[in-house]
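A.B. asks: Okay, so the sequence shown: first residue is 126 according to this note's numbering, each after it adds one.
Mind looking over this structure? Questions follow.
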Amino acid sequence: MQTDASGDLPTMIVSWWELGPDDPSVQDLEADLSRGVDDWASCPGLLAKYWLADRERNRWGGVMVWERRPAADLPVNRAAQLIGRPADVRTEFAVPKIVHGVPA
């Protein structure tokens, strides 16, 4: 994977919520996905964003891959707004290599 001029590797951020009985359901959060997606699609430096849904364990989250560590000025996090708190788990990784598969 190429680095940018500053030597930074791409960055992956993985975060999720452990949803409780007072939180919106995974289905509610899925239904809200159409709101705000365009803001993320036009976010400079974002290579990919994946929304994660785990109905069995009642978890909701996302994975974002950035060209480099993202700026502080990001689109609104709709899930955090709807759930009413930051993600329960948030971790960040440097991404030294990305391979894109071939569609089946």
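Glycine included, each C-beta is placed from N, C-alpha and C at the ideal position.
Sort out for me which residues DSSP pairs R215 with in a bridge.
C.D. replies: In the DSSP output, where bridge partners are listed per residue, R215 has S140.
A.B. asks: Measure how close the beta-carbons of P200 and W165 come, nearest whole angstrom, since I'm counting them as under 8 Å.
C.D. replies: Going by Cβ atoms, the distance from P200 to W165 rounds to 5 Å, so yes, they are a contact pair.
A.B. asks: Can you list, in chain order, the residues of its chain whose CB lies under 8 Å from that of T128, leaving out five sequence neighbours each side?
C.D. replies: A caution first: T128 carries a pLDDT of 49, below 50, which makes its placement in the model too unreliable to give a value.
A.B. asks: For the beta strand (DSSP E) that A173 lies in, which residues bound it at each end?
C.D. replies: Its beta strand (DSSP E) spans residues 171-179.
A.B. asks: By the DSSP assignment, the beta strand (DSSP E) with R193 in it spans what residues?
C.D. replies: It is not in any beta strand (DSSP E) - R193 carries neither H nor E in the DSSP assignment.
A.B. asks: Over the uninterrupted alpha helix (DSSP H) stretch that includes I223, give me the two end residues.
C.D. replies: Note, I223: premise wrong, no alpha helix (DSSP H); not H, not E.
A.B. asks: Using 8 Å for Cβ pairs, my map puts W272 next to A178. What's the rounded Cβ distance?
C.D. replies: Since the first and last residues shown for the chain are 126 and 229, residue 272 lies out of range.
A.B. asks: Which same chain residues, not among the five before or five after W142, have their C-beta less than 6 Å away from its C-beta?
C.D. replies: Only W185, I208, A212, D213 meet the Cβ criterion.
A.B. asks: Could you pull out every residue in the same chain whose Cβ sits closer than 6 Å to the Cβ of M137, ignoring the five residues on either side in sequence?
C.D. replies: Excluding sequence neighbours, M137 sits near V190, F218, V220.
A.B. asks: For P146, which option in R193, L172, H225, R182 has the closest C-alpha, if you only look at C-alpha atoms?
C.D. replies: The shortest Cα separation from P146 among R193, L172, H225, R182 belongs to R182.
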